[in-house]
Amino acid sequence: MGIVIRGGTVVTSTDQLKADVYCEGGVVRAVGKDVEVPAGTQVVDASGQYVMPGGIDAHTHMELPFMGTTSSDDFFTGTAAGVAGGTTTIIDFIIPNRNQSLLEARDFWMNNAKKACADYAFHMAVTWFNDQVQKEMRHAFHEDGIQSFKIFMAYRGAIGVDDVELIGVLDTAHDLGALVTSHCEHGDAVVTLQNRLADRGLLTPKYHAQSRPAYLEGEATNRVINLALAASDGRNGHPARPHEAQPVYIVHLTCREAMDAVYAARRRGQPVLVETCPQYLLLDDSVYEKPDFEGAAYVMSPPIRPKGHQDYLWDALSTGAIQHVATDHCPFRQADQKVMGRNDFRKIPNGAAGVEDRLKLLYTYGVATGRLTLQQFVDVTSTQAAKIFGLYPRKGTIAPGADADLYLYDPAATGRISAATHHQKVDRNIFEGFEVKGKVSTTVLAGRVQYQDGQLRVERGAGRYLKRTGTRT
Ligand code: URP
Ligand code: ZN
Ligand code: ZN
């Protein structure tokens, strides 16, 4: 049985029109006025609402083993929370341990993800490098449809790589035509600062932020950009040409220093893509002053930045300099996980939830404030991620032939974010008390209503693995 979404305003990254959307067999069949549909078609009334392409969150960590524990949303609960917030596709990370086979880690993550109720793809983190890793990168790219590789310049001694390994990953990705995504912080310098603070007994959550200053994110961003240029240098016998550099995608960029490194690279013609997250747009580092260890809920890397950086990021987002707003969804419960670092910020599991709240936050503080048009909103929450990571036009738009993934947004509704009402399996919400304008009233995934009027109707295991074949580099 098909489904028709009647009378809404369909919004894509380029258009906005009053139209019906008819879906059948899991894909969009027609978009237009008064579309004729077969008898028995399910009708969803969208009058007064926006009909948007399903959200794509290109940065999540479901059931990630990390810092001695595991992030508290698994692939089922995390994708369900995403569906309640209009997100119908996630791109998660396979993160092998140092010295672990990439393909062995792939099997572990693929197995975990079978319970997802929304569609998913993977980036492959490369946490060490040798000939075997290089071979497995090729396999992941050609056989498994994993066409983006991730490097952590932080987390030294665990999943972080050194510069020699980083160069190996960039070179291999360049050979393959793959994209490299990078967590940019100077890992060794962070360890030095952490230990210096710890030696002085400064161990509360706010020192997590102090040990990871913006200038060290700027340094690492600049470094990966320069090493990406080196990856192309001399290949054709001539000196480096910026436009031939290995493309890099900077994940969860937080600060002016990092953005300035990106601007400088782009001025010389180098391909650099940028992602940020709602927490870096909407929170400032005063969150770390909260009493009773509540600052631990905001311990993530990079940390929330001092006032000033947020406006710089909003400016970059509204002028198109930032391509995607993801969440870095990586929740840890305060009660029994964050508390592992009660006496030492270095042991607080890094990360927070966000997959459920991304779209309403960005609509409220982006669209409703006039910082983003509706088209830009769709672009940075869905279309660009689909294009960059090789999922477009199957994902990221509403058009005949695309997957029937969409959500209805009721702009007249109001609400307030709270851990008491969210679906994410975590006991804190870093946006607790934030007022929101509008709400996701209905989410349709592969042509089936999976969320409506506050009720989740998701199906464990209904999510499909998205094998990528066309990542843009
Ligand atoms: O603190 C964070 N961001 N935790 C998740 C892992 C990462 O660095 O993305
Ligand atoms: Zn990271
Ligand atoms: Zn992350």
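Straight run, no breaks: the sequence shown in this note's numbering ends on number 539. Glycine residues also receive a C-beta, built at the ideal position from the N, C-alpha and C atoms.
For residue i, which of the options has the nearest alpha-carbon?
i: G91; options: T75, T385, Q108 and F132; result: Q108
i: G144; options: A528, H395, D402 and V405; result: H395
i: T154; options: A105, D139, K503 and A124; result: A124
i: A419; options: H488, T435 and A434; result: H488
i: A306; options: R482, N292 and H318; result: N292
i: E540; options: V353, P357 and V317; result: Because the chain spans 67 through 539 in this model, residue 540 falls outside it and cannot be assessed.
i: A468; options: V510, K503, I483 and Q441; result: V510
i: T528; options: R534, Q516 and E422; result: Note that residue 528 is Ala in the sequence shown, not Thr. Of the listed residues, the one whose Cα sits closest to A528 is Q516.
i: H375; options: T463, E422, A434 and G284; result: G284
i: G152; options: A452, E422 and L532; result: E422
i: I483; options: L472, K503, A280 and P477; result: K503
i: I157; options: L168, Y186 and F132; result: Y186
i: T126; options: R460, P397, R437 and I414; result: P397
i: T320; options: P279, L232 and E231; result: P279
i: T135; options: P104, V103, D100 and K413; result: K413
i: R437; options: Y378, L472 and S384; result: S384
i: R262; options: K533, P466 and D410; result: D410
i: N165; options: A150, D139, E202 and M133; result: E202
i: V338; options: P372, N302, G386 and E355; result: G386
i: K356; options: L379, D197, P415 and T270; result: T270
i: R322; options: G303, W380, Y354 and V353; result: W380
i: Y221; options: H205, Q260, N196 and G481; result: Q260
Going along the chain, which residues of its own chain have a beta-carbon closer than 7 angstroms to the beta-carbon of residue i, five neighbours each way excluded?
i: A112; result: I71, R72, G73, G74 and L474
i: R494; result: A363, Q400 and A485
i: A382; result: M325 and I388
i: F142; result: K181, A182, C183 and R526
i: R408; result: F359
i: A146; result: C183, H489, L522 and V524
i: R460; result: A468 and D469
i: L236; result: V246, L293, A294, A297 and Q312
i: G432; result: L438 and F443
i: V103; result: G68, V70 and Y88
i: M133; result: P415 and N416
i: A452; result: I122, Y458, K461 and G462
What residues in its chain sit with their C-beta under 6 angstroms from that of residue i, if we drop five residues either side in the sequence?
i: Q518; result: T508
i: A171; result: I160 and P162
i: T513; result: According to the sequence shown, residue 513 is Gly rather than Thr. I69, C89, G92 and A470, listed in sequence order.
i: R424; result: P344 and T393
i: T539; result: Low local confidence applies: a pLDDT of 48 at T539 is under 50, so the model's placement there is unreliable, with the coordinate-based value given in what follows. These residues qualify, in order along the chain: G243, L245 and P313.
i: Q336; result: P308 and A311
i: K84; result: T75
i: S448; result: P119, G121, I122 and G462
i: S79; result: Q441, V444, D445 and T449
Per the DSSP calculation, residue i is bridged to which residue(s)?
i: L511; result: R514
i: G243; result: Answer is none; G243 lacks a bridge partner.
i: V76; result: L83 and V117
i: Y458; result: Per DSSP, none; premise fails for Y458.
i: L472; result: P119 and V510
i: G98; result: D86
i: D111; result: R72
i: Q521; result: Q518
i: S384; result: DSSP, once it has assigned bridges, lists no residue as partnering S384.
i: D197; result: According to DSSP, which records beta bridges pairwise, D197 is partnered with nothing at all.
i: R482; result: E501
i: K216; result: A191 and T247
i: H390; result: E341
i: H395; result: T126 and A418
i: R132; result: Sequence inspection shows Phe at residue 132; the Arg mentioned does not correspond to that position. BP columns for F132 point to T135.
i: F159; result: H189
i: V149; result: According to DSSP, which records beta bridges pairwise, V149 is partnered with nothing at all.
i: V314; result: V246 and V338
Indicate, with yes or no, if ligand 4 has a heavy atom lying under 7 angstroms from the CB of residue i.
i: N495; result: No copy of ligand 4 appears in this structure; the ligands present are ligand 1, ligand 2 and ligand 3.
Below 8 angstroms CB to CB, which residues in the same chain sit around residue i once its five sequence neighbours on both sides are set aside?
i: Q200; result: G234 and T238
i: L268; result: Q276
i: A478; result: G114 and G504
i: M219; result: G226, V227, L232, S248, H249, C250, E251, H252, G253, A286, R289 and V290
(message) I want to know whether the stretch 217-227 touches the stretch 185-192 - three or more CB-CB distances under 8 angstroms.
(response) By the Cβ rule, the stretch 217-227 counts as touching the stretch 185-192, because three or more pairs are nearer than 8 angstroms.
(request) Flag this pair as touching only if the stretch 388-400 and the stretch 421-441 have three or more C-beta atom pairs under 8 angstroms; answer yes or no. (result) Put simply, the stretch 388-400 touches the stretch 421-441. At least three CB pairs are less than 8 angstroms apart.
(request) May I ask you to verify whether the stretch 450-462 touches the stretch 172-183, counting CB pairs closer than 8 angstroms and requiring at least 3? (result) With a cut-off of 8 angstroms, the stretch 172-183 and the stretch 450-462 do not count as touching, because too few Cβ pairs lie within range.
(message) Between the stretch 279-296 and the stretch 321-337, can you find at least three pairs of beta-carbon atoms closer than 8 angstroms?
(response) A contact is defined here as three or more CB-CB pairs under 8 angstroms, and the stretch 321-337 meets this definition with respect to the stretch 279-296.
(message) Does the contact criterion of 3 or more C-beta pairs under 8 angstroms hold for the stretch 329-337 versus the stretch 345-364?
(response) With fewer than three CB-CB distances shorter than 8 angstroms, the stretch 329-337 does not count as touching the stretch 345-364.
(message) Check whether the stretch 272-280 and the stretch 365-378 are in contact - that is, three or more C-beta pairs closer than 8 angstroms.
(response) Touching, yes, given that three or more Cβ pairs across the two stretches are closer than 8 angstroms.
(request) Count the C-beta pairs between the stretch 492-508 and the stretch 212-222 that are closer than 8 angstroms, then say yes if the count reaches three, no if not. (result) Contact between the stretch 492-508 and the stretch 212-222 is absent, with fewer than three C-beta pairs closer than 8 angstroms.
(message) With a threshold of 8 angstroms, are at least 3 pairs of Cβ atoms found where one atom belongs to the stretch 254-267 and the other to the stretch 289-309?
(response) The answer is no - the stretch 289-309 does not touch the stretch 254-267, with fewer than three Cβ pairs under 8 angstroms.
(message) Quick test of the definition: if touching needs 3 or more C-beta pairs under 8 angstroms, does the stretch 311-323 touch the stretch 233-248?
(response) A contact exists between the stretch 311-323 and the stretch 233-248.
(request) Pick out the complete alpha helix (DSSP H) segments inside the stretch 224-305, 4 residues or longer, and give them in chain order. (result) Whole alpha helix (DSSP H) segments, 4+ residues: 229-242, 253-265, 272-276 and 280-296.
(message) Would you call the stretch 354-363 in contact with the stretch 395-409, where contact means no fewer than 3 C-beta pairs closer than 8 angstroms?
(response) Yes, the stretch 354-363 is in contact with the stretch 395-409.
(request) Would you mind listing the alpha helix (DSSP H) stretches within the stretch 409-439 that are 4+ residues and don't spill past its ends, in chain order? (result) At a cut-off of 4 residues, the continuous stretches assigned as alpha helix (DSSP H) that sit fully inside the stretch 409-439 are 424-428.
(request) Return the chain-ordered ranges of every beta strand (DSSP E) run that is complete within the stretch 317-375 and spans a minimum of 3 residues. (result) Listed in chain order, they are 338-342.
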